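S.K.: Going by UniProt numbering, the first residue of the first sequence is number 1, and it counts up by one from there.
Each residue gets a CB set at the ideal place from its N, CA and C atoms; glycine is no exception.
Source: prediction; values computed, not measured.
Let me give you the structure first, and then I'll get to my questions.
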Amino acid sequence: MSFEALGLHASLVKAVAEAGYTQPTPVQAQAIPAAIAGRDLLVSSQTGSGKTAAFMLPALNKLANAEIVQARTTAQSAQSARAKGERVRFTAAQPKMLVLTPTRELALQVTSATEQYTTDMRRIRAVSILGGMPYPKQMQLLAKNPEILVATPGRLIDHMESGKIDFSELEILVLDEADRMLDMGFIDDIEKIVAATPASRQTMLFSATLDGVVGNMARRITKDPQTIQIMSAANRHENITQRVHFVDDLSHKNRLLDHLLRDEGLDQAVVFTATKRDADMIADRLNIAGFAAAALHGDMHQGARNRTLDSMRRGQVRVLVATDVAARGIDVPTITHVVNYDLPKFPEDYVHRIGRTGRAGRNGLAISLVNHAEGMNVKRIERFTKQLIPVDVVEGFEPKRSAPARTGARAGWKPGDGRNAAKPGQRSFAKPGYADRAPREGGFADRAPRQDNGFARPADSRYADRGPRENAGAPREGFRRDAAPRAAAPAGAPRDAGHRGPRPEGARRDSGFAKPSAHPRSADGTRRSFGEY
DNA sequence: AAAAAAC
């Protein structure tokens with residue numbers, strides 16, 4: 001299957017080849033012919049599946065075939081009138097295509113991808129309309145009467161209301177990451193924008209999900225749409241090898257991080273932190289250690305964020321240390337490693353984070369550095385993704401508290417080598433202790449929520465190949481949960497509400513550490529002084 | 001203790 005076979009214009013096929021793509025992805029293979037045939041599209045696929053090209057290529061095809069000289073005339077006549085010294089009112093831009101995205105970054109990515117595809121089609125221009133951009137500059141862009149606007153909703157409405165944009169000529173409307181736009185409260189804005197476009201338009205909606213609110217809106221704004229649901233390998237993250245490393249404390253974590261970043265297979269990495277402050281500090285520290293690192297977080301100005309992402313794309317930055325700003329949308333194919341320095345707050349964010357690697361059909365490695373106390377958060381992620389994440393130990397970086405040792409899991413891993421990843425439909429991993437075992441009945445992934453009885457749980461299947469503990473039955477030292485059973489939660493108490501019941505008198509010895517209320521602690525449980533905050 | 005979207 002080739003791009004020619006999908007019915008694309010020769011110059012587009014050439015541009016796509018120059019961008020390094022030879023084969024359409026599954027979304028592209030389905031979406032492009034349907035869109036060229038003029039159908040409305042509802043596409044559920046996640047980032048990394050090549051969806052920008054899936055809507056942009058057929059759209060450019062349509063625009064290239066259309067008579068675009070006419071679109072130029074308004075701008076041209078205004079120009080010649082100005083040349084004659086006449087006063088000319090600004091004529092509203094009359095775009096042929098509008099792409100709405102939830103974030104500025106995504107809009108910029110779509111615009112630059114479009115510029116790549118249109119190198120041989122210089123008459124077609126794409127322009128970003130974003131908040132945070134100076135108005136005079138945007139007026140210049142709009143005065144060129146570009147065929148394609150890529151916009152975030154707020155600023156676009158701003159321009160619409162002041163009469164700078166006229167959608168009467170609009171032929172194609174694309175809503176990218178529609179679910180996220182709704183999550184972010186853009187529903188009224190989207191309705192308003194859609195209402196300003198001609199009913200004759202072609203509409204393409206892309207979203208991670210097509211049910212619920214998104215589905216309702218999708219059906220309202222499309223006509224007889226073709227629904228495309230792609231569960232590609234990239235969507236299921238099968239090309240991404242996932243690992244958990246247990247760490248004892250912050251210094252252990254930092255040493256391990258440095259070691260992992262020296263992996264010979266590492267091209268570029270994203271390190272995720274829980275706070276903006278940590279992103280800055282770790283980037284600084286890594287720079288001093290010689291890593292070519294840069295921070296990325298929401299406290300940075302838009303310009304600085306764009307510059308950082310650009311130098312990441314150009315390969316000047318090898319380690320990006322970021323908060324969840326970078327969890328979604330960032331598309332840099334050369335990212336081989338994602339490291340969760342801190343686990344994300346929500347399992348959903350974990351999935352978005354690890355999706356920063358394994359782009360464009362490549363393989364990637366996603367490593368989470370986890371304090372022993374965070375084991376429960378790993379479980380939540382595993383439950384959410386319905387996959388077990390193998391625990392890994394690096395020689396020389398063994399945690400003091402014996403974490404489940406799974407030697408060999410990591411040995412010899414190289415990017416471009418996804419053999420450790422789960423195969424389609426496979427619940428377990430091709431590792432000793434998993435490969436030869438059928439999935440446990442009522443296994444972890446589909447087990448009903450456990451009733452918390454306050455006791456340590458029976459061995460996790462992940463540890464099962466270790467056999468029984470030598471000192472099984474004896475209280476493990478330093479394990480609070482073994483010190484004394486907690487009182488059972490009262491009947492009807494919400495699960496996971498943090499209920500502990502009254503602690504039996506003397507059940508917990510004074511650890512010597514201040515209580516969390518007195519001293520904020522990092523996710524490691526490492527105490528930090530107030531001065532650091 | 002994140003993020004994001006208009007001025």
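On the DSSP letters alone, give me the boundaries of the alpha helix (DSSP H) that Q302 sits inside.
M.R.: Taking the first sequence and counting its residues from 1, one reaches residue 302 at position 302. Element bounds for Q302: Q302 to R313.
S.K.: Distance check for A208 and R54, CA to CA, integer angstroms please.
M.R.: If you number the first sequence from 1, residue 54 lands on position 54. If you number the first sequence from 1, residue 208 lands on position 208. In the sequence as displayed, the identity of residue 54 is Ala instead of Arg. Cα to Cα, A54 sits roughly 15 Å from A208.
S.K.: Let's test the definition: count the other Cβ atoms within 10 Å of the Cβ of K164 and tell me whether it reaches 16, buried, or not, exposed.
M.R.: For the purposes of this step, residue 164 is taken as residue 164 along the first sequence, with counting starting at 1. So K164 counts as buried.
S.K.: Check this for me: beta carbons of V332 and A294, under 9 Å apart or not?
M.R.: In the first sequence, counting from the first residue as 1, residue 332 sits at position 332. In the first sequence, counting from the first residue as 1, residue 294 sits at position 294. Result no, Cβ atoms of V332 and A294 do not sit closer than 9 Å.
S.K.: Can you give me the C-alpha to C-alpha distance between S11 and E171, rounded to a whole angstrom?
M.R.: The sequence position of residue 11 within the first sequence is 11, counting from 1. The sequence position of residue 171 within the first sequence is 171, counting from 1. Whole-angstrom Cα-Cα distance: 21 Å.
S.K.: Pull up the distance between the alpha-carbon of V16 and that of G361, whole angstroms please.
M.R.: Locating residue 16 in the first sequence gives position 16, where the first residue counts as 1. Locating residue 361 in the first sequence gives position 361, where the first residue counts as 1. In a straight line, the C-alpha of V16 is about 16 Å away from that of G361.
S.K.: Since N145 and A93 are thought to touch, with beta carbons under 8 Å apart, how far apart are those beta carbons, to the nearest angstrom?
M.R.: Here residue 145 is taken as the residue at index 145 of the first sequence, counted from 1. Here residue 93 is taken as the residue at index 93 of the first sequence, counted from 1. Yes, they are in contact, since the Cβ atoms of N145 and A93 sit about 5 Å apart, within 8 Å.
S.K.: Per DSSP, what are the beta-bridge partners of G132 in this structure?
M.R.: On the first sequence, position 132 is the one that residue 132 refers to. Its beta-bridge partners do not exist; DSSP assigns none.
S.K.: Do you know offhand how far V339's Cα is from A37's?
M.R.: Indexing the first sequence from 1 puts residue 339 at position 339. Indexing the first sequence from 1 puts residue 37 at position 37. Between V339 and A37, the C-alpha separation is close to 43 Å.
S.K.: Counting along the chain, where does the alpha helix (DSSP H) carrying V214 start and finish?
M.R.: On the first sequence, position 214 is the one that residue 214 refers to. Residues G212 to I221.
S.K.: Mapping DSSP to helix, strand and coil, what is V332?
M.R.: In the first sequence, the residue the question calls residue 332 occupies position 332. In the structure shown, V332 sits in coil (DSSP, three-state: anything other than H, G, I, E or B).
S.K.: Less than 8 Å between the CB atoms is what I'm expecting for L173 and T203, so what's the real figure, rounded?
M.R.: Position 173 of the first sequence holds residue 173. Position 203 of the first sequence holds residue 203. The pair is a contact, with the Cβ atoms about 5 Å apart (cut-off 8 Å).
S.K.: So, with DSSP's three-state summary, where would you put H237?
M.R.: Within the first sequence, the letter at position 237 stands for residue 237. Looking at H237 - three-state DSSP - the assignment turns out to be coil, as it is neither helix nor strand.
S.K.: Please return the same chain residues whose Cβ sits closer than 7 Å to the Cβ of G425, not counting the five positions on each side in sequence.
M.R.: Locating residue 425 in the first sequence gives position 425, counting from the first residue. Summary for G425: the model assigns pLDDT 34, below 50, so the residue's position carries little reliability; its value from the coordinates is reported in the next sentence. Around G425: no qualifying Cβ.
S.K.: For R104, count neighbouring Cβ atoms within 10 angstroms of its own Cβ and tell me buried if that reaches 16, exposed if not.
M.R.: Along the first sequence, one-based indexing puts residue 104 at 104. By the 10 Å Cβ count, R104 comes out buried.
S.K.: I need the straight-line Cα distance from T385 to M1, nearest angstrom please.
M.R.: Taking the first residue of the first sequence as 1, we reach residue 385 at position 385. Taking the first residue of the first sequence as 1, we reach residue 1 at position 1. The straight-line gap from Cα to Cα measures roughly 31 Å.
S.K.: How many Å lie between M376 and K51 at the Cα?
M.R.: Mapped onto the first sequence, residue 376 falls at position 376. Mapped onto the first sequence, residue 51 falls at position 51. Distance between M376 and K51, taken at the CA atoms: about 35 Å.
S.K.: If you compare alpha carbons, which of G358, Y21 and R305 is closest to G132?
M.R.: Here residue 132 refers to the residue found at position 132 when the first sequence is read from its first residue. If we check each option's Cα against that of G132, R305 comes out closest.
S.K.: Which stretch, first to last residue, makes up the beta strand (DSSP E) that contains I172?
M.R.: Mapped onto the first sequence, residue 172 falls at position 172. Note, I172: beta strand (DSSP E), I172 to L175.
S.K.: Count the other CB atoms, across all protein chains shown, that sit within 10 Å of the CB of M139; report buried if there are 16 or more and exposed otherwise.
M.R.: Taking the first residue of the first sequence as 1, we reach residue 139 at position 139. Looking at its Cβ environment, which holds fewer than 16 other Cβ atoms inside 10 Å, M139 is exposed.
S.K.: With distances taken Cα to Cα, identify the nearest neighbour of A279 among Y341, G358 and V317.
M.R.: The residue you call residue 279 lines up with position 279 of the first sequence. Among Y341, G358 and V317, the Cα nearest to that of A279 is on Y341.
S.K.: Which residues in the same chain have their Cβ closer than 6 Å to the Cβ of L286, if we skip the five residues on either side of it in sequence?
M.R.: As a working mapping, residue 286 is identified with position 286 in the first sequence. A293 and V319.
S.K.: Is it right to say P134 is buried, meaning 16 or more other beta carbons lie within 10 angstroms of its own, or is it exposed?
M.R.: The sequence position of residue 134 within the first sequence is 134, counting from 1. Burial call: exposed.
S.K.: Can you list, in chain order, the residues of its chain with a C-beta nearer than 7 Å to that of Q242? Leave out the 5 residues immediately preceding and following it.
M.R.: In the first sequence, counting from the first residue as 1, residue 242 sits at position 242. Only I354, A366 and I389 meet the Cβ criterion.
S.K.: Over the uninterrupted beta strand (DSSP E) stretch that includes N371, give me the two end residues.
M.R.: Numbered from 1 along the first sequence, position 371 holds the residue referred to as residue 371. Where N371 is concerned, the enclosing beta strand (DSSP E) stretches over G364 to N371.
S.K.: For G212 versus D189, is the C-beta spacing smaller than 9 Å?
M.R.: Within the first sequence, residue 212 is the residue found at index 212, counting from 1. Within the first sequence, residue 189 is the residue found at index 189, counting from 1. Contact flag unset, no.
S.K.: Per DSSP, what are the beta-bridge partners of T227 in this structure?
M.R.: Start at 1 with the first residue of the first sequence, and residue 227 comes out as number 227. Bridge partners of T227: L42.
S.K.: Helix, strand or coil: which one does DSSP assign to M97?
M.R.: Stepping through the first sequence from its first residue, residue 97 is reached at position 97. DSSP places M97 in strand when its eight states are reduced to three.
S.K.: Classify N145 as helix, strand or coil using the three-state DSSP reduction.
M.R.: Here the question's residue 145 lines up with position 145 in the first sequence. It is coil, neither helix nor strand.
S.K.: Taking C-alpha atoms, which residue in G265, V321 and D299 lies nearest to D284?
M.R.: Within the first sequence, residue 284 is the residue found at index 284, counting from 1. Residue V321 is the option with its Cα nearest to D284.
S.K.: Buried or exposed: where does E147 fall if 16 or more other Cβ atoms within 10 Å of its Cβ makes it buried?
M.R.: Taking the first sequence and counting its residues from 1, the one referred to as residue 147 is at position 147. By the neighbour-count rule (16 or more Cβ atoms within 10 Å), E147 is buried.
S.K.: Can you check DSSP and say which residues form a bridge with S207?
M.R.: As a first step, residue 207 must be located in the first sequence, where it is residue number 207. DSSP output for S207 lists S44 as bridge partner(s).
S.K.: Specify the secondary structure class of L296 as computed by DSSP and reduced to three states.
M.R.: Residue mapping note: residue 296 aligns to position 296 of the first sequence, counting from 1. L296 falls in the strand class under three-state DSSP.
S.K.: My assumption, with CB atoms under 8 Å, is that M312 sits in contact with Q268. Please give the rounded CB distance.
M.R.: Taking the first sequence and counting its residues from 1, one reaches residue 312 at position 312. Taking the first sequence and counting its residues from 1, one reaches residue 268 at position 268. With 8 Å as the limit, M312 and Q268 qualify as a contact, their Cβ atoms being about 7 Å apart.
S.K.: Which stretch, first to last residue, makes up the beta strand (DSSP E) that contains Q268?
M.R.: In the first sequence, the residue the question calls residue 268 occupies position 268. Q268 -> beta strand (DSSP E) spans Q268 to F272.
S.K.: L156: which of A199, E169, S112 and L100 sits nearest, CA to CA?
M.R.: Mapped onto the first sequence, residue 156 falls at position 156. Of A199, E169, S112 and L100, the residue nearest in Cα terms is L100.
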